[in-house]
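**Student:** Numbering of the sequence shown is given in UniProt numbering, commencing with residue 1 and proceeding in unit increments. One structure is given below, represented as structure tokens, and several questions about it will come after.
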Amino acid sequence: TTEAPTETTTAVPVMTTEAPAETTTAAPATTVTTAATKATTKATTTKKTSEVPSSTVLYGDTNLDGRVDITDAVLLNKAVANAVTLSSAARQNSDCRQDGELTSDDAVVLMQFLVHIVTNLPQ
Numbered sequence: 001t002t003e004a005p006t007e008t009t010t011a012v013p014v015m016t017t018e019a020p021a022e023t024t025t026a027a028p029a030t031t032v033t034t035a036a037t038k039a040t041t042k043a044t045t046t047k048k049t050s051e052v053p054s055s056t057v058l059y060g061d062t063n064l065d066g067r068v069d070i071t072d073a074v075l076l077n078k079a080v081a082n083a084v085t086l087s088s089a090a091r092q093n094s095d096c097r098q099d100g101e102l103t104s105d106d107a108v109v110l111m112q113f114l115v116h117i118v119t120n121l122p123q
């Protein structure tokens with residue numbers, strides 16, 4: 001007697017796994033604020049004027065710095081040419097001829113004093 005061969009079936013175990021949940025990480029929110037400003041700059045010019053008391057006259061000292069030098073002659077020439085306006089003390093110091101007027105003659109006397117042609121002011 002022959003026995004019929006036995007048939008064996010082996011089932012492959014089935015495993016079901018869930019796919020991992022998809023995770024999304026958002027970058028933290030960043031707010032950038034840009035502010036435009038308009039700067040306004042005003043230039044300020046300060047002019048220092050010193051008045052010499054009328055009893056203190058330093059003839060030839062047109063710029064009132066306490067010395068008589070070439071800068072006084074330059075300033076006096078500008079005043080004579082009406083390019084600048086002098087204060088009353090500067091006008092008094094610049095009247096090197098003591099005639100009550102500022103003219104090119106005062107500038108000439110001042111320059112003569114500076115080069116030692118004239119030894120004293122006023123003339």
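Virtual Cβ for every residue (Gly too), placed ideally from N, Cα, C.
1) State the DSSP-derived secondary structure class of N93, mapped to helix, strand or coil.
2) What are the start and end residues of the alpha helix (DSSP H) that includes L64?
3) What first and last residue would you give for the alpha helix (DSSP H) that runs through D106?
4) For N63, tell me which candidate among A83, A81, N82 and A89 has the shortest Cα-Cα distance.
5) Considering just the uninterrupted stretch of the alpha helix (DSSP H) at A73, what are its terminal residues?
6) Quick one: Cα of N82 to Cα of E101, how far?
**Tutor:** Looking at the coordinates:
1) Sequence index remark: in the sequence shown, residue 93 carries index 93 (1-based). Residue state, collapsed to three classes: helix.
2) Translated into the one-based positions of the sequence shown, residue 64 becomes position 64. Where L64 is concerned, there is no enclosing alpha helix (DSSP H), given that its DSSP letter is neither H nor E.
3) Position 106 of the sequence shown holds residue 106. That run of the alpha helix (DSSP H) goes S104 to L114.
4) In the sequence shown, counting from the first residue as 1, residue 63 sits at position 63. Residue A89 is the option with its Cα nearest to N63.
5) The residue you call residue 73 lines up with position 73 of the sequence shown. Per DSSP, A73 belongs to the alpha helix (DSSP H) from I70 to V80.
6) Locating residue 82 in the sequence shown gives position 82, where the first residue counts as 1. Locating residue 101 in the sequence shown gives position 101, where the first residue counts as 1. Straight-line Cα distance between these residues: approximately 13 angstroms.
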